[in-house]
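Peer 1: Quick one: structure below, then a few questions.
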């Protein structure tokens, strides 16, 4: 597909990105299933890497999840020894979250498998295009999250 149609009009970004996102998520499903994770579980483990200690509410906001629905995900991950929840000493109503070594190991294994699959797709691009695509995608993501572009 050309970036610009024959009439000189390019497709909307959502028309390009949404089907790609769906295909990438579908490709991740077998990896997640193999490791006994849901997409939300992987999102939690991945986000705790960025911020090792978070309240449940802040985590739900950061991964765009409903805070009441994420509790079951946290319960599952905690029961499997993948994360710890403990009361915040400054606010006993809040829970602080941290990954366990097993949670970190699982997150890293899943991330490596997911990114290995992504590399097969990215490998079809010339190196210069691939690097520009990834830089641009990261920049657009940061802007969409209200962060300054790098």
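Numbering (my numbering), first residue to last: 9 to 158.
In this text, a Cβ means the ideal position worked out from N, Cα and C, and glycines have one as well.
On a predicted model such as this, the values are computed, not experimentally measured, just so you know.
Please go through the segment 65-131 and give each complete beta strand (DSSP E) segment of 3 or more residues, from N-terminal end onward.
Peer 2: 91-96 and 99-107
Peer 1: On a Cα-Cα basis, can you pick out the residue from 89, 82 and 145 that is closest to residue 130?
Peer 2: The sequence position of residue 130 within the chain shown is 122, counting from 1. Nearest option by C-alpha distance: 145.
Peer 1: For the putative contact between residue 103 and residue 46, defined by C-beta atoms under 8 Å, what is the C-beta separation to the nearest angstrom?
Peer 2: The residue labelled residue 103 in the question sits at position 95 within the chain shown. The residue labelled residue 46 in the question sits at position 38 within the chain shown. With a Cβ gap of about 20 Å, residue 103 and residue 46 do not count as contacting.
Peer 1: Sort out for me which residues DSSP pairs residue 63 with in a bridge.
Peer 2: Within the chain shown, numbered from 1, the residue matching residue 63 stands at position 55. DSSP lists 104 as the beta-bridge partner residues of residue 63.
Peer 1: Given residue 117, which residues of its chain have a CB within under 8 Å of its CB, disregarding the five upstream and five downstream residues?
Peer 2: Within the chain shown, the letter at position 109 stands for residue 117. Once the five neighbours on either side are set aside, the close Cβ partners of residue 117 are 43.
Peer 1: Can you grab the Cα-Cα spacing for the pair residue 41 / residue 35, in whole Å?
Peer 2: For the purposes of this step, residue 41 is identified with residue 33 of the chain shown, where counting begins at 1. For the purposes of this step, residue 35 is identified with residue 27 of the chain shown, where counting begins at 1. Here the alpha carbon of residue 41 sits roughly 11 Å from the alpha carbon of residue 35.
Peer 1: In terms of residues, what are the limits of the alpha helix (DSSP H) holding residue 5?
Peer 2: Residue 5 is absent from the structure shown; the chain starts at 9 and stops at 158.
Peer 1: Taking all protein chains shown into account, do 16 or more other C-beta atoms lie within 10 angstroms of the C-beta of residue 31, making it buried, or fewer, making it exposed?
Peer 2: Reading the chain shown from its first residue, position 23 is the one you call residue 31. Residue 31 should be labelled exposed.
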